[in-house]
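For reference, the structure is listed below as structure tokens.
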Amino acid sequence: MTKKEVFESYDQFIFPTYSRLPVVFVKGKGSVLTDIDGKKYLDLFPGWGVSNVGHCHPKVMAAVRDQISKLIHIPNNFFGINQARLARELVRAAFPGKVFFCNSGAEANEAAIKFSRLFGKGERFEIITTLNSFHGRTMGALSATGQGKYQKGFAPLPAGFVAVLFNDIEAIRSAINDRTVAVMIEPVQGEGGINVATPQYMKAVRALCDEKGLLLILDEVQTGFGRTGRMFAFEHYDIEPDVITMAKGLGGGLPIGAMLAADKHAHLLQPGMHGTTFGGSPLVTKAALGAMEAIAKDKMLKNARVMGAYLTEKLNGLKSRTSIIKEVRGLGLMVGVELLIDGKSVFEECFRNGLIINCTQGKVLRIMPALNITRKQIDKALNILEKAILTVEKS
Ligand SMILES: Cc1ncc(COP(=O)(O)O)c(C=O)c1O
Numbered sequence: 084m085t086k087k088e089v090f091e092s093y094d095q096f097i098f099p100t101y102s103r104l105p106v107v108f109v110k111g112k113g114s115v116l117t118d119i120d121g122k123k124y125l126d127l128f129p130g131w132g133v134s135n136v137g138h139c140h141p142k143v144m145a146a147v148r149d150q151i152s153k154l155i156h157i158p159n160n161f162f163g164i165n166q167a168r169l170a171r172e173l174v175r176a177a178f179p180g181k182v183f184f185c186n187s188g189a190e191a192n193e194a195a196i197k198f199s200r201l202f203g204k205g206e207r208f209e210i211i212t213t214l215n216s217f218h219g220r221t222m223g224a225l226s227a228t229g230q231g232k233y234q235k236g237f238a239p240l241p242a243g244f245v246a247v248l249f250n251d252i253e254a255i256r257s258a259i260n261d262r263t264v265a266v267m268i269e270p271v272q273g274e275g276g277i278n279v280a281t282p283q284y285m286k287a288v289r290a291l292c293d294e295k296g297l298l299l300i301l302d303e304v305q306t307g308f309g310r311t312g313r314m315f316a317f318e319h320y321d322i323e324p325d326v327i328t329m330a331k332g333l334g335g336g337l338p339i340g341a342m343l344a345a346d347k348h349a350h351l352l353q354p355g356m357h358g359t360t361f362g363g364s365p366l367v368t369k370a371a372l373g374a375m376e377a378i379a380k381d382k383m384l385k386n387a388r389v390m391g392a393y394l395t396e397k398l399n400g401l402k403s404r405t406s407i408i409k410e411v412r413g414l415g416l417m418v419g420v421e422l423l424i425d426g427k428s429v430f431e432e433c434f435r436n437g438l439i440i441n442c443t444q445g446k447v448l449r450i451m452p453a454l455n456i457t458r459k460q461i462d463k464a465l466n467i468l469e470k471a472i473l474t475v476e477k478s
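So for the sequence shown, my numbering puts the first residue at 84; every next one is plus one.
Below is the structure:
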């Protein structure tokens, strides 16, 4: 197919649910993508947080190659070696508990929402979430999402969610009532503009949940798997949640999600209560094992911390050379640059010059490179970004 034919097919046969950039990628390696015309792009937003280990990491490719020739899918009424191994690795990496496998972040959050309903025993069901959060597009996850723009047109949404200010413990305290069963937050709001939960807030949320008998659900779909320089973002806060949800970086590029609930609550989910046909298949769990091995063997957590600090320092330097950057913030390699102007033109200028980043909430450039990004690649990206910012500033 030519590029033109691809575009025409999309026009004719695919719902226009996404605004797409006019490019067709055909190859990816690490932090570099190649399009159908052979043009190379430096990808500092790989897969919207999916490709934490970079595109086509050798360990993920080897795992998939090995598994695909043996067994691709078996349903969950049988046992599987890879699923067993992956659950053990996730529990080791997070906290003692049990895992439910699914296929996406929204589904992982649906599982957590249903789990909290079981915890509430039919008497308590309300979940406190935060404004500007993003938990997914399925009806429950959408109702949990604290942004009206995503909910518009889909009423009535499932009841039982209330969104309060992020990083405001008193807002949570005031929202608690007899029906409240859980608090659900992202340790760093990603889509919401890279808003980092403060240590005091996280500790206070944990304490409040303990005091009131509420489940603390952390949505680590975007922050998980090394994104913030730790395997999970909750590790920065010296707390343990009751439930974490994960997806994106878990599968090294393949679609997989999971919910992990602490042992003391694990009895709540019993046979027949929840399920999904594809969840935790031999293929995707093998890919996830490959991705986790890559993170460990290539020392990616350390690299994420070192490169995250370097990137942030350089971006703060850039802030002093332009008048359009309001703030640089983030955790590890989850970095936001809030502009004083609309970010679309900066983002587009970067793209034209072969750099992929993201712009969220209109004004926040979101930069989330692969965890194995090199200093040289960051320098190259910053060079393009600085030129883009200065060009836009002048115009
Ligand atoms: C924090 C968070 N939760 C949930 C989701 C939904 O994940 P998915 O798109 O895999 O359903 C996302 C997606 O961006 C996310 O960032």
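Glycine included, every Cβ here is placed at the ideal spot set by N, Cα and C.
query: What residues match up with Glu123 in a beta bridge as DSSP calls it?; result: The sequence shown places Lys at residue 123, not Glu. Answer is Thr117, bridged to Lys123.
query: Quick check: what's the CA-CA separation for Tyr284 versus Gly219?; result: 23 Å
query: So, are the CB atoms of Val143 and Ala379 less than 8 Å apart?; result: no
query: Which residues mark the beginning and the end of the alpha helix (DSSP H) in which Glu209 is found?; result: From DSSP, Glu209 is part of no alpha helix (DSSP H) but of the beta strand (DSSP E) over 209–213.
query: Which of the three DSSP states, helix, strand or coil, is assigned to Phe108?; result: strand
query: Flag this pair as yes or no: are the beta carbons of Val367 and Gly334 separated by less than 8 Å?; result: yes
query: Let me confirm a value: Tyr101 is counted as buried when at least 16 other C-beta atoms fall within 10 Å, else exposed. Which label applies?; result: exposed
query: Given a cut-off of 8 Å, decide if Val389 and Asn399 are closer than it, judged by their beta-carbon atoms.; result: no
query: Please find out if some non-hydrogen atom of ligand 2 comes closer than 7 Å to the beta-carbon of Phe217.; result: This structure simply doesn't include ligand 2; it includes ligand 1 instead.
query: In terms of residue numbering, what span does the beta strand (DSSP E) encompassing Leu422 cover?; result: 417–422
query: In three-state terms, what does DSSP make of Gly400?; result: helix
query: Since Ile268 is in the alpha helix (DSSP H), which residue starts that stretch and which ends it?; result: Taken as a continuous stretch (DSSP letters only), Ile268 belongs to no alpha helix (DSSP H), being part of the beta strand (DSSP E) at 263–268.
query: Specify the secondary structure class of Ala370 as computed by DSSP and reduced to three states.; result: helix
query: With distances taken between CB atoms, is the gap from Thr395 to Leu473 smaller than 8 Å?; result: no
query: Hey, would you say Thr359 sits closer than 8 Å to Pro158, going by beta carbons?; result: no
query: Using only alpha-carbon positions, find the residue among Lys402, Glu432, Ile327 that is nearest to Phe184.; result: Ile327
query: Since Thr328 sits in a beta bridge, which residues does DSSP pair it with?; result: Asp302, Met342
query: Compare the Cα-Cα distances from Gly113 to each of Ala191, Phe90, Pro452, Leu468 and report the closest residue.; result: Pro452
query: Answer yes or no: the CB of Ala189 versus the heavy atoms of ligand 1, is any distance below 7 Å?; result: yes
query: Distance check for Met342 and Val136, CA to CA, integer angstroms please.; result: 21 Å
query: If you drop the 5 nearest sequence neighbours on each side, which residues of the same chain put their C-beta closer than 8 Å to that of Gln234?; result: Leu225, Ser226, Thr228, Leu240
query: Taking 8 Å as the threshold (C-beta atoms), are Phe217 and Gly275 in contact?; result: yes
query: State yes or no: is the C-beta of Asp346 within less than 8 Å of the C-beta of Gly188?; result: no
query: Tell me whether the beta-carbon of Ile408 lies closer than 8 Å to the beta-carbon of Val420.; result: yes
query: Which of helix, strand or coil does DSSP assign to Val389?; result: helix
query: Apart from the five residues on each side of it in sequence, which residues of its chain come closer than 7 Å, Cβ to Cβ, to Met375?; result: Glu172
query: Using only the alpha-carbon positions, how far apart do Gln353 and Phe249 sit?; result: 33 Å
query: Give me the Cα-Cα distance between Ile164 and Pro365, rounded to the nearest whole angstrom.; result: 8 Å
query: Tell me the DSSP secondary structure of Gly229 in three-state form.; result: strand
query: Could you tell me which uninterrupted alpha helix (DSSP H) segments, each at least 4 residues in length, are contained entirely in the region 150–200, listed from first to last along the chain?; result: 164–176
query: Is Thr100 helix, strand or coil when you go by DSSP?; result: coil
query: Who pairs with Glu410 in a beta bridge, going by DSSP?; result: Glu421
query: Going by the C-beta, is Gly273 closer than 7 Å to any heavy atom of ligand 1?; result: yes
query: Which residue comes first and which comes last in the alpha helix (DSSP H) that contains Phe430?; result: 427–435
query: For Phe244, name the three-state secondary structure that DSSP assigns.; result: strand
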